[in-house]
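Number of protein chains: 2
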Amino acid sequence: MFLKRIVVNNVRNIKEAVLEPEENINLIVGENGSGKTSLLESIDILSRGRSFRSNKIAEVQRKNTNSMAIGGILDNGIKIQYKRENAKVRLYLNSNETKKQSDVSKNIAVQSIYPNSHQLIEGPPSERRSYLDWGLFHVEQNYRDLWSEYTKTLKQRNEALKSQKGNLAPWTEKLAASGEKITSSRKAYFENITRGFFDYFEEFLPHASNETPLSSKAISLYFSPGWDLNQSSLFDAIEKNLKRDLEKGFTSVGPHCADIRLKLGETDACKIISRGQQKLIVCALLMAQFKDYNEKTSNKSIIIIDELASELTLELQAKVLEKLLDAKSQVFISALTDSSLAEILSDFGASVFHVEHGEIFG
Amino acid sequence: MFLKRIVVNNVRNIKEAVLEPEENINLIVGENGSGKTSLLESIDILSRGRSFRSNKIAEVQRKNTNSMAIGGILDNGIKIQYKRENAKVRLYLNSNETKKQSDVSKNIAVQSIYPNSHQLIEGPPSERRSYLDWGLFHVEQNYRDLWSEYTKTLKQRNEALKSQKGNLAPWTEKLAASGEKITSSRKAYFENITRGFFDYFEEFLPHASNETPLSSKAISLYFSPGWDLNQSSLFDAIEKNLKRDLEKGFTSVGPHCADIRLKLGETDACKIISRGQQKLIVCALLMAQFKDYNEKTSNKSIIIIDELASELTLELQAKVLEKLLDAKSQVFISALTDSSLAEILSDFGASVFHVEHGEIFG
Chain Y
0 MFLKRIVVNN VRNIKEAVLE PEENINLIVG ENGSGKTSLL ESIDILSRGR
50 SFRSNKIAEV QRKNTNSMAI GGILDNGIKI QYKRENAKVR LYLNSNETKK
100 QSDVSKNIAV QSIYPNSHQL IEGPPSERRS YLDWGLFHVE QNYRDLWSEY
150 TKTLKQRNEA LKSQKGNLAP WTEKLAASGE KITSSRKAYF ENITRGFFDY
200 FEEFLPHASN ETPLSSKAIS LYFSPGWDLN QSSLFDAIEK NLKRDLEKGF
250 TSVGPHCADI RLKLGETDAC KIISRGQQKL IVCALLMAQF KDYNEKTSNK
300 SIIIIDELAS ELTLELQAKV LEKLLDAKSQ VFISALTDSS LAEILSDFGA
350 SVFHVEHGEI FG
Chain S
0 MFLKRIVVNN VRNIKEAVLE PEENINLIVG ENGSGKTSLL ESIDILSRGR
50 SFRSNKIAEV QRKNTNSMAI GGILDNGIKI QYKRENAKVR LYLNSNETKK
100 QSDVSKNIAV QSIYPNSHQL IEGPPSERRS YLDWGLFHVE QNYRDLWSEY
150 TKTLKQRNEA LKSQKGNLAP WTEKLAASGE KITSSRKAYF ENITRGFFDY
200 FEEFLPHASN ETPLSSKAIS LYFSPGWDLN QSSLFDAIEK NLKRDLEKGF
250 TSVGPHCADI RLKLGETDAC KIISRGQQKL IVCALLMAQF KDYNEKTSNK
300 SIIIIDELAS ELTLELQAKV LEKLLDAKSQ VFISALTDSS LAEILSDFGA
350 SVFHVEHGEI FG
């Protein structure tokens, strides 16, 4: 799906804005502080109830107002809405109130690239688990339920460990059963994504040679499921750690400890490569997801890119945009007024929206 | 002072590089991953023994080598050197080994602006205390000794609080005495810097009007000394908190809790302004320091700027460079090969160094 209409009310310096975006590429241009990022942030909040820019949603609401609202209409006619009134959040799907963010989120597959998104590579493992789970949530019907069951059981087992009460075996059995299913989904998904990743990565770094350490031959991606999959079943792995778990009061192995590792030869890649290179790797990882999503659902995904220009040469910016179009995404991308990106974009038939003091001029 | 010669060995992808920089502006250009940031990082390590890019110095050293070295010759003939051999760091001043980083640092006043430097505004108070202390350390002869005395006494008082043993009064008295001196230095320095800050800030935002929230009329800077200076002396403030300090085991008021607050109307500015605007504010704060340093010591300071182009319009990049020259700084600035910054810089008579696969071509 893609967004046909976006309405934003009282988000940071945006009082009211209506955007009717293009199916493919939309460029949001403006001076520093004009409201470009706030517009992209609005799409992020609409899709997942959170902002890539701030952990505190109260900070997002325009000063001295008592409500903010973001609404969207998708090409399939579905209407979604995020409202915050007197510090209370309400979500609507086709004008009906819904309690669950996932009811809204499953209708709109949004990912974002912003100045901090090298966190996907440098940050904690939870970032990379979210990456995997984003894909599975949007592609596999029952993955979310499986995951809910797993986290609920994990919580119950951890409580039993902490209180040192009750029989742990039933929790362990249940946890291992859903954990094995999650891991098998993640593993299959990861293998599929990896192929796509390397294709994009090769395109972004065509000049890679023996002289630069960053070539697709030198780089490798590993999925680490959260226990030693080759050594034992998850049940056995949990049982083996029982003594330690009782001491620490939590379950120390399982899908909640999974990670993806990116290595350059023998070393963690994030310790060697530059920020620009990290950005390209993040782009390749996300595009591999989009391609998979498009192939499996024949739907478009939406990508928000705040400041693609930072730290990438023009040639690479053009390459990324070209590949985003191949991956069948609706793209929202911000740039400074005098950026060379605007020139490249006109070749791609992008719609350009100008932002000034929080107002949009189409 | 300024750097006349820099020699870099085994820093990240730089095997060996020699740079003979210009007194004013030096542009380091290269593709993604060519080694631009590594070169800037080397200057940072040379000046303060740490890197803005990594907390672990071991990660900086080129793979599969057992030593790295960075050397510099200043215009006054002073030679400084940072060496790391078999994981052991050695510092040299004019070829004599020295144990103290401050012996090296006081000869070379370096500050840096890099993609994360909005931390100065968004980050913890310690970032802003370091900012103040950088200036005082380079301008006031005995500030470093004063600060050493304060932190030593603080440690002793905290140990006495934790062990609940001994008479606290002598520590409190000594702590209050040096704390008052530190605060009076910081306060005077802050007032001086604030004037410079607003001058630069006005230059960077000449279009500020009632329509944009970010104008020099709306913004204000406050120095918070770490206790209520207007209510009581530091001695009284520490005494007043004695009960709480005994419970918590540390001294809860004093210069170690100082901060600078940046407000826009009634709100913390960092919650409202954009990343580009934060970057401009950081530039204005650092330039105010450089100007003060130059006026008081008639020395040049050195500024390292990694990716000035990110998130700033061309007009603002040019403005920043112009003001840096006014502030009498030696500037090292990185940019992508096809950046428009290179054009602006030729107007300023900058030296351009090309970096390819960690090698420098003058």
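Those protein sequences? They're chains Y and S, same order as listed. Residue 0 is where the first sequence starts when you use numbering that gives the first Met the number 0, and the numbers rise one by one after that. Residue 0 is where the second sequence starts when you use numbering that gives the first Met the number 0, and the numbers rise one by one after that. Virtual Cβ for every residue (Gly too), placed ideally from N, Cα, C. In this text the structure is predicted, and so the values were computed from the model without any measurement.
- The continuous alpha helix (DSSP H) containing HIS137(S) extends over residues 124-138.
- Inter-residue distance for ALA283(Y) and LYS98(S) is about 46 Å (C-alpha atoms, whole angstroms).
- Between the C-alpha atoms of LEU340(S) and LYS35(S) there is a straight-line separation of about 15 Å.
- Those residues of the segment 324-348 of chain Y placed with their C-beta closer than 8 Å to a C-beta in chain S are LEU335, THR336, ASP337, SER339, ordered along the chain.
- Burial state of ASP227(Y) is exposed, judged by a 10 Å Cβ sphere holding fewer than 16 other Cβ atoms.
- When C-beta distances to chain Y are compared with 8 Å, every residue of the segment 152-179 of chain S stays at or above that value.
- The C-alpha of VAL88(S) is placed about 11 Å away from the C-alpha of GLN100(S).
- Chain Y has a Cβ within less than 8 Å of the Cβ of ASN31(S).
- For THR97(Y), the uninterrupted beta strand (DSSP E) segment begins and ends at 95-97.
- Looking at ILE107(S), LYS78(S), GLY195(S), the one whose alpha-carbon comes closest to that of SER94(S) is LYS78(S).
- Residue burial annotation: GLU310(Y) is buried, with at least 16 other C-beta atoms found within 10 angstroms of its C-beta.
- The beta carbon of GLY122(Y) sits no closer than 8 Å to any beta carbon of chain S.
- Non-local beta-carbon contacts of LYS161(Y) in its own chain, meaning distances under 7 Å to residues more than five positions away in sequence, involve GLY248 in chain order.
- The three-state secondary structure of THR266(Y), taken from DSSP, is strand.
- The beta carbon of TYR292(Y) lies closer than 8 Å to those of ALA108, GLY134, HIS137, VAL138, ASN298, SER300 in the same chain, with the five residues before and after it left out.
- With respect to chain Y, the C-beta atom of GLY48(S) has no partner C-beta closer than 8 Å.
- Secondary-structure assignment with DSSP links SER37(S) through no beta bridge to anything.
- For ARG243(Y), the uninterrupted alpha helix (DSSP H) segment begins and ends at 241-247.
- A direct Cα-Cα distance of roughly 11 Å separates ILE27(Y) from GLU355(Y).
- Burial check for VAL17(Y): the Cβ neighbour count within 10 Å stays below 16, so the residue is exposed.
- According to the DSSP assignment, GLU15(S) belongs to the beta strand (DSSP E) that extends over 13-18.
- Comparing alpha-carbon positions, the option among LEU320(S), GLY357(S), LYS105(S) lying closest to LEU307(S) turns out to be LEU320(S).
- Distance check between TYR221(Y) and each of HIS255(Y), GLY264(Y), ASN240(Y) places GLY264(Y) closest, using alpha-carbon atoms only.
- If you draw a 10 Å sphere on the C-beta of PHE360(S), you find fewer than 16 other C-beta atoms in it, and that means exposed.
- Between VAL351(S) and ASN23(S), the gap from beta carbon to beta carbon reaches 8 Å or more.
- Counting the other CB atoms within 10 Å of its CB gives ASP144(Y) a total below 16, which places it among the exposed residues.
- Of the residues assessed, SER333(S) falls on the buried side of the cut-off, its CB having 16 or more other CB atoms within 10 angstroms.
- Taking a beta-carbon distance threshold of 8 Å, GLY275(S) counts as an interface residue toward chain Y.
- Taking GLY48(S) as the centre and dropping the five residues before and after it, the same chain places the C-beta of GLN100 closer than 6 Å to its C-beta, in chain order.
- With distances taken between CA atoms, TYR130(Y) lies nearest to ILE259(Y) out of ALA187(Y), SER273(Y), ILE259(Y).
- Nearest in C-alpha terms to ASP102(Y), of all of TYR113(Y), LEU90(Y), GLU15(Y), is LEU90(Y).
- For the segment 253-340 of chain Y, the full-length beta strand (DSSP E) segments reaching 3 residues or more read 258-263, 300-304, 328-335 along the chain.
- Scanning chain Y for C-beta atoms nearer than 9 Å to the C-beta of LYS322(S) yields nothing, as the closest lies near 16 Å away.
- Within the segment 297-314 of chain S, the residues whose Cβ lies closer than 7 Å to any Cβ of chain Y are, in chain order, GLU306, SER309, GLU310, LEU311, THR312, LEU313.
- Using beta-carbon distances, GLU58(S) counts as an interface residue toward chain Y, with a partner under 8 Å.
- Going by C-alpha positions, GLU342(Y) is about 35 Å away from SER219(Y).
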